[in-house]
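Chains as they are written, first to last, in this note's numbering: chain H, 9 to 214; chain R, 9 to 214; chain B, 9 to 214; chain X, 9 to 214. This report refers to the structure that appears directly beneath it.
4 protein chains.
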Amino acid sequence: MRDRWSTGRLEAFSDGVFAIAITLLVLEISVPERGFEHLWKGIADQWPSYLAYATSFITIGGMWMAHHAIFRRLASADGNVMRLNILLLLLVSFLPFPTKLMAEAIDTTTDAERAAVIFYGLVLLTISVVASVLWRYVAAHRDLLEPGVSDDEVQAITKLAAPNIGFNVAIVLLAFIAPQIAAFGYLLIAVIALFRQHGDTRPAPA
Amino acid sequence: MRDRWSTGRLEAFSDGVFAIAITLLVLEISVPERGFEHLWKGIADQWPSYLAYATSFITIGGMWMAHHAIFRRLASADGNVMRLNILLLLLVSFLPFPTKLMAEAIDTTTDAERAAVIFYGLVLLTISVVASVLWRYVAAHRDLLEPGVSDDEVQAITKLAAPNIGFNVAIVLLAFIAPQIAAFGYLLIAVIALFRQHGDTRPAPA
Amino acid sequence: MRDRWSTGRLEAFSDGVFAIAITLLVLEISVPERGFEHLWKGIADQWPSYLAYATSFITIGGMWMAHHAIFRRLASADGNVMRLNILLLLLVSFLPFPTKLMAEAIDTTTDAERAAVIFYGLVLLTISVVASVLWRYVAAHRDLLEPGVSDDEVQAITKLAAPNIGFNVAIVLLAFIAPQIAAFGYLLIAVIALFRQHGDTRPAPA
Amino acid sequence: MRDRWSTGRLEAFSDGVFAIAITLLVLEISVPERGFEHLWKGIADQWPSYLAYATSFITIGGMWMAHHAIFRRLASADGNVMRLNILLLLLVSFLPFPTKLMAEAIDTTTDAERAAVIFYGLVLLTISVVASVLWRYVAAHRDLLEPGVSDDEVQAITKLAAPNIGFNVAIVLLAFIAPQIAAFGYLLIAVIALFRQHGDTRPAPA
């Protein structure tokens, strides 16, 4: 018989990590001292920070909704789910670093911009891939799922958790030519992912 | 049939973000090295940091109580509630940045003071507006609410969640003339909002 | 009829703030670049940081246990409990600032040491006083308590939540003469407070 | 009769501390300004930060799973469990400091490398020892455990929570000769510990 972990503390711990990673993003935003002479301009000049903040916040928010969608269908977790989940959290917690990097690099040199935007996109891509692997693993082990989960639901989430690999790769390629436009492309992906999340049509389990 | 999300993890995640945003505020406070020669004076000179800290802490605390008041009346969330909630959290998590800015700008030049205090007020205003929109959306979709919630209650919360737009705008306008007084005005608004929050007169749902 | 708030999210939010405030303390610890030449010495030279870290960690840990002891006896909270709790959290979240200050000031000049250690003690004292007021308010409004809480229990917690004002004031006074010894005195108070916390002798409510 | 604490808030508080300590680790990672000229190289040069980040993240993740394994078998906590748990959290929260130190010291001088890697290992060792003491205390007080926990289970967890003292000490000794290799050794220990965690074969308590 396979090992089993109840999902209660797993969700609490994951929620904590998502909530903290999403909230730490703001720490990277600041106006340099010289910006205080003309503070409105100083505030406006930080637009790459706001863009990076919003993109990462909405990306993590959407990932949390996807996580929510997966785990509320889980009756229990096995050791592989636990470890894939820790890997996913490791990557989500890492996101503030490329976020800061992208915010700092935009509007410096084109070379730095390009590297930072591509690096950011590769981290996003890795997160999507791991989330997708986690769900596919669960979907392939139906005994982990709540009894009432139908095949249709499983397929619907498989599509949702899909890494958008095509779209994501396209933006990373775009970053080679036009890094600033690609940066806005990530925001667009994040917003679309947020709108693609679906709740239950079944009543929620108590 | 509309999509549904259970509110348990939504509340846990939101509580996490509120708790972290409120606790990160302290990281911005520090005494510069030259302040250690006369440390009592160095500590006293940081009064704009304490003012900004207290104002943002009480504002977020009051917003958390308003959030609590809304969500415990919710039977379930739909996709729009989820997204409005993420937008609200995005703005609340952003507040440490204008807080730091205001703390740094006060007692430098009047120009910087004015810009920072107005910027802070505009972020507060935006938070109030989004919270209000969230509640109005819920109030307009009564099937999202717990069955026992009465019209009187809905109206009472509508007033509570109201953005105080008039008062808030007045303080922002005041900031053009007297930024330091306006900064204390925000604290006053936050304290009043905290005292205006009401609990249940009904027994809480289990 | 007085307003009522259920205590579930209140506890979750408070736990979040305690957990974050306690964990942020480590961010203030670092070895300056010149310390890397003789790193063991550089690590040892940071002893004021370790002392301040341990003192604040154990103080907040003990305060969390006291908070736990109060709130599990609460059937529900009213508006005043909510506001006193937010004031308590505001002060606990503020503690990382005097902690950092004390860690930086120790082993510089005696004047700076004295100011930082006294300031730290005054913040601790304020936290104790607010916690005590919160409990006394609850104890004076028995309708807020769970039905099964006996007078003996109320008195036992009243003693526990007591501010140790005498002991605390004594250490603050000691800090005028011997700040470094006083700093260790705070650690002693924190450890004693941790050992004075008592659990239930009744079975816990489900 | 011994004092009793219910484990619900204890787990919530501990989950919070684990989640925050694990997420703060990323704050230490950054590319210095001169690294932006050749940003890909600047990103690659930060490999000691990524190594330290992954090692500490996986170590804390595994420690959280071990904590989970212990506390879900606990019917209630007594005062000693509460205090041992706070000591364990104090050490886990401290880990970001030696993590940062190791990341900064690697690839500077061999002396600094050696000191930082040994210091990191000693903190890891202390965490393992305290976790082991916590479990041994619980195992020796069977009235704290859930009624259904069998002797076999207790022995299985005793092995799991064991400090790996031998292996850990071996790596610390290795650090005297080859600090960089030892740093990878810690990662290996963390990954192995993650795979050694076991779930339940019993149905989870509700």
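Note that CB positions come from ideal geometry on N, CA and C, so glycine has one too. Note that this is a predicted model, so its numbers are computed, not measured.
Rounded to the nearest angstrom, how far is the Cβ of B:LEU97 from that of B:VAL25, given a contact under 8 Å? Indexing the third sequence from 1 puts residue 97 of chain B at position 89. Indexing the third sequence from 1 puts residue 25 of chain B at position 17. Confirmed, about 5 Å.
Give every residue of the same chain whose Cβ lies closer than 6 Å to the Cβ of H:SER64, excluding the five residues on either side of it in the sequence, and list them in chain order. Position 56 of the first sequence holds residue 64 of chain H. LEU33, LEU103, THR107, listed in sequence order.
Supposed close pair B:GLN54, B:ILE68 - CB separation, criterion 8 Å: Counting from 1 along the third sequence, the entry for residue 54 of chain B is found at position 46. Counting from 1 along the third sequence, the entry for residue 68 of chain B is found at position 60. Contact flag wrong, Cβ pair sits at about 20 Å.
Would you call R:THR15 buried or exposed, if buried means 16 or more other Cβ atoms sit within 10 Å of its Cβ? The residue labelled residue 15 of chain R in the question sits at position 7 within the second sequence. In summary, R:THR15 is buried, with 16 or more beta-carbon neighbours lying within 10 Å of its beta-carbon over all protein chains present.
Taking all protein chains shown into account, decide if R:ALA52 is buried (16 or more other Cβ within 10 angstroms of its Cβ) or exposed. Here residue 52 of chain R is taken as the residue at index 44 of the second sequence, counted from 1. Exposed: under 16 other Cβ atoms inside 10 Å.
Is it the case that the CB of R:LEU96 approaches a heavy atom of the ligand SAH more closely than 8 Å? The ligand SAH is absent from the structure shown, which contains no ligands of any kind.
R:HIS149: buried (16+ other C-beta within 10 angstroms of its C-beta) or exposed? Taking the first residue of the second sequence as 1, we reach residue 149 of chain R at position 141. Label assigned to R:HIS149: exposed.
Minimum length 4: unbroken alpha helix (DSSP H) runs contained in the region 36 to 87 of chain X: If we require 4 residues or more, the alpha helix (DSSP H) runs fully inside the region 36 to 87 of chain X come out as 47 to 52, 55 to 79.
Leaving out five residues on either side along the sequence, give the residues of the same chain with a beta carbon under 6 Å from the beta carbon of X:ALA214. As a working mapping, residue 214 of chain X is identified with position 206 in the fourth sequence. Its pLDDT being 40, under 50, X:ALA214 is placed unreliably by the model, and the measurement read from it follows with that caveat. Residues of the same chain with their beta carbon placed closer than 6 Å to that of X:ALA214 are lacking, with the five preceding and five following residues left out of the count.
Starting from the Cα of X:ILE173, find the closest Cα among X:ALA201, X:ILE185, X:PHE184 and give me that residue. As a position in the fourth sequence, residue 173 of chain X is number 165, starting the count at 1. Residue nearest to X:ILE173 within the set X:ALA201, X:ILE185, X:PHE184 is X:ALA201 (criterion: CA-CA distance).
Measuring only the C-alpha atoms, how far is B:LEU179 from X:GLY87? Position 171 of the third sequence, counting from 1, holds the residue named residue 179 of chain B. Position 79 of the fourth sequence, counting from 1, holds the residue named residue 87 of chain X. Strictly speaking, residue 179 of chain B in this sequence is Ile, with Leu absent from that position. Distance between the alpha carbons of B:ILE179 and X:GLY87 is about 27 Å.
Whole-angstrom distance between B:ALA191 and B:THR166, CA atom to CA atom: For the purposes of this step, residue 166 of chain B is identified with residue 158 of the third sequence, where counting begins at 1. For the purposes of this step, residue 191 of chain B is identified with residue 183 of the third sequence, where counting begins at 1. B:THR166 and B:ALA191: Cα-Cα distance of roughly 27 Å.
List, from N- to C-terminal side, the alpha helix (DSSP H) runs of 4 residues or more that fit wholly inside the region 116 to 149 of chain H. Those alpha helix (DSSP H) runs which fall completely within the region 116 to 149 of chain H and span 4+ residues are 118 to 148.
Is the Cβ-Cβ distance between X:TYR92 and X:LEU132 less than 9 Å? For this step, residue 92 of chain X is matched to residue 84 along the fourth sequence. For this step, residue 132 of chain X is matched to residue 124 along the fourth sequence. Just to set this straight, residue 92 of chain X is Leu in the shown sequence, not Tyr. No; because the gap between Cβ atoms is not below 9 Å, this pair is not in contact.
Range covered by the alpha helix (DSSP H) that runs through R:ARG17: Translated into positions along the second sequence, residue 17 of chain R becomes position 9. From DSSP, the alpha helix (DSSP H) with R:ARG17 extends over 16 to 32.
Please compile the residues from chain H whose C-beta is within a distance smaller than 7 Å of the C-beta of X:VAL34. Stepping through the fourth sequence from its first residue, residue 34 of chain X is reached at position 26. X:VAL34 reaches chain H at SER101, PHE102, PRO104, PHE105, counting residues in chain order whose Cβ is nearer than 7 Å.
For B:PHE21 versus B:ARG122, is the C-beta distance shorter than 9 Å? For the purposes of this step, residue 21 of chain B is identified with residue 13 of the third sequence, where counting begins at 1. For the purposes of this step, residue 122 of chain B is identified with residue 114 of the third sequence, where counting begins at 1. Cβ distance not < 9 Å, so B:PHE21 and B:ARG122 don't count as in contact.
For H:LEU153, which residues does DSSP report across the bridge? What you label residue 153 of chain H is simply residue 145 of the first sequence in a count that begins at 1. By DSSP's assignment, H:LEU153 forms a beta bridge with H:LEU82.
Under 9 Å between the Cβ atoms of H:ARG81 and H:VAL157? The residue you call residue 81 of chain H lines up with position 73 of the first sequence. The residue you call residue 157 of chain H lines up with position 149 of the first sequence. For H:ARG81 and H:VAL157, yes; Cβs fall inside 9 Å.
Please look up how many angstroms separate the CB atoms of B:VAL146 and B:ILE94, rounded, as I've assumed it's under 8 Å. The count along the third sequence starts at 1 and reaches residue 146 of chain B at position 138. The count along the third sequence starts at 1 and reaches residue 94 of chain B at position 86. In this structure B:VAL146 is not in contact with B:ILE94, their Cβ atoms being roughly 15 Å apart against a cut-off of 8 Å.
Looking at chain R, is there any beta carbon in it that lies within less than 9 Å of the beta carbon of H:ARG42? For the purposes of this step, residue 42 of chain H is taken as the residue at position 34 of the first sequence. Using a CB distance cut-off of 9 Å, H:ARG42 does not count as an interface residue toward chain R.
Going by other Cβ atoms of all chains shown within 10 Å of its Cβ, with 16 needed for buried, is X:MET9 buried or exposed? Numbered from 1 along the fourth sequence, position 1 holds the residue referred to as residue 9 of chain X. Any reading at X:MET9 needs caution, since the residue's pLDDT is 43, under 50, leaving its predicted position unreliable; the model's value is listed next. X:MET9 should be labelled exposed.
Assuming the contact rule is C-beta atoms closer than 8 Å, H:MET5 and H:VAL125 should be a hit. Round their C-beta distance to whole Å, please. There is simply no residue 5 of chain H to check, as chain H begins at 9 and stops at 214 in what is shown.
Chain-order list of residues whose beta-carbon lies under 8 Å from that of H:ALA212 (same chain, five-residue window excluded): Against the first sequence, residue 212 of chain H aligns to sequence position 204. Residue placement at H:ALA212 is poorly supported in this model, since its pLDDT is 45, which falls under 50; the coordinates still yield a value, given next. In the same chain as H:ALA212, and ignoring 5 residues on each side of it, the C-beta atoms closer than 8 Å to its own belong to ARG80, in chain order.
Span of the alpha helix (DSSP H) around R:ASN176: Here residue 176 of chain R corresponds to residue number 168 of the second sequence, with the count starting at 1. Counting along the chain, the alpha helix (DSSP H) containing R:ASN176 begins and ends at 173 to 185.
With R:LEU103 as the anchor, note down where its alpha helix (DSSP H) starts and where it stops. By 1-based counting over the second sequence, the position of residue 103 of chain R is 95. Annotation for R:LEU103: no alpha helix (DSSP H) segment contains it, and DSSP assigns it neither H nor E.
Applying a beta-carbon distance threshold of less than 9 Å, which residues of chain H neighbour X:ILE135? Taking the fourth sequence and counting its residues from 1, the one referred to as residue 135 of chain X is at position 127. Ordered by position in chain H, no residue passes the 9 Å Cβ test against X:ILE135, which lies about 17 Å from the chain.
Using 9 Å as the limit for Cβ to Cβ distance, is H:ALA20 near chain R? Sequence index remark: in the first sequence, residue 20 of chain H carries index 12 (1-based). With 9 Å as the cut-off, H:ALA20 counts as an interface residue toward chain R.
Beta-carbon within less than 6 Å of H:LEU154's beta-carbon, same chain only, minus the 5 sequence neighbours each way: which residues are those? Against the first sequence, residue 154 of chain H aligns to sequence position 146. Reading off the sequence shown, one finds Glu at residue 154 of chain H, where the question assumed Leu. These residues qualify, in order along the chain: ARG81, ALA83.
Report all residues from its chain with a CB closer than 8 Å to the CB of B:LEU182; omit the five preceding and five following residues, and keep chain order. Residue mapping note: residue 182 of chain B aligns to position 174 of the third sequence, counting from 1. Answer for B:LEU182: ILE189, ALA190, GLY193, listed in chain order.
B:ARG204 to B:ILE197, Cα distance in whole Å? Residue numbering aside, residue 204 of chain B sits at position 196 when the third sequence is read from its first letter. Residue numbering aside, residue 197 of chain B sits at position 189 when the third sequence is read from its first letter. Approximately 10 Å between the Cα atoms of the pair.
Proximity below 9 Å, CB of R:THR118 to CB of H:PHE44: As a position in the second sequence, residue 118 of chain R is number 110, starting the count at 1. As a position in the first sequence, residue 44 of chain H is number 36, starting the count at 1. No. Outside cutoff.
Looking at R:SER140 and R:ALA29, is the spacing between their C-beta atoms short of 9 Å? Against the second sequence, residue 29 of chain R aligns to sequence position 21. Against the second sequence, residue 140 of chain R aligns to sequence position 132. Not in contact: R:ALA29 and R:SER140 (Cβ atoms no closer than 9 Å).
Would a check of beta-carbon distances place H:ILE200 closer than 9 Å to chain R? Numbered from its first residue, the first sequence carries residue 200 of chain H at position 192. Not flagged as an interface residue toward chain R: H:ILE200, since no C-beta distance is shorter than 9 Å.
Below-9 Å beta-carbon distance, R:ALA147 vs any chain B residue: Here the question's residue 147 of chain R lines up with position 139 in the second sequence. Taking Cβ atoms only, chain B never reaches closer than 9 Å to R:ALA147, which makes this a no.
If you measure beta-carbon to beta-carbon, which residues of the region 78 to 90 of chain R are closer than 9 Å to chain B? Cβ contacts with chain B come from PHE79, ARG80.
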